[in-house]
Amino acid sequence: MAKIMKRFNMTGEEIPVNAGIVKKSNKKHSKFDLLVNQNETVLILRMENNPPGKWLAKNERSKIGYIDLNNVYLETDAIKQAFKTLN
């Protein structure tokens, strides 16, 4: 786990900022990309400070990696709830 934390510059105290559903399965493009399946739920761990067009996410198998932001349908209810807690 320490290797993953270092690889993605994580502290270990990350709280998911959102959740989403994967639009289509993908194959890894690099060793840092997350392998996901269509309709799989992912937790978005970080939306900033990532490679362009990518989010840091965790899949249902607890694997962590980058996912193409265009391949995730965000849960709108989760977004609304997040904004309510901020206000």
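Residues 1 to 87, numbered by our numbering, are exactly what the sequence shown covers, in order.
We put the CB at the ideal spot given by N, CA and C, even for glycine.
From a predicted model like this one, the values you see are computed outputs, not experimental measurements.
{"Asked": "So, with DSSP's three-state summary, where would you put residue 18?", "Found": "strand"}
{"Asked": "What's the gap between the Cα of residue 44 and the Cα of residue 66?", "Found": "10 Å"}
{"Asked": "Whole angstroms is fine: what's the gap from residue 74's alpha carbon to residue 25's?", "Found": "16 Å"}
{"Asked": "State the Cα-Cα distance for the pair residue 72 and residue 22, rounded to the nearest angstrom.", "Found": "5 Å"}
{"Asked": "With distance defined between alpha-carbon atoms, name the residue in 5, 12, 39 and 33 nearest to residue 19.", "Found": "39"}
{"Asked": "Buried or exposed: which applies to residue 4, given that a residue is buried once 16 or more other Cβ atoms fall within 10 Å of its Cβ?", "Found": "exposed"}
{"Asked": "Counting along the chain, where does the beta strand (DSSP E) carrying residue 7 start and finish?", "Found": "Careful: residue 7 lies outside any beta strand (DSSP E), inside the alpha helix (DSSP H) at 2 to 7."}
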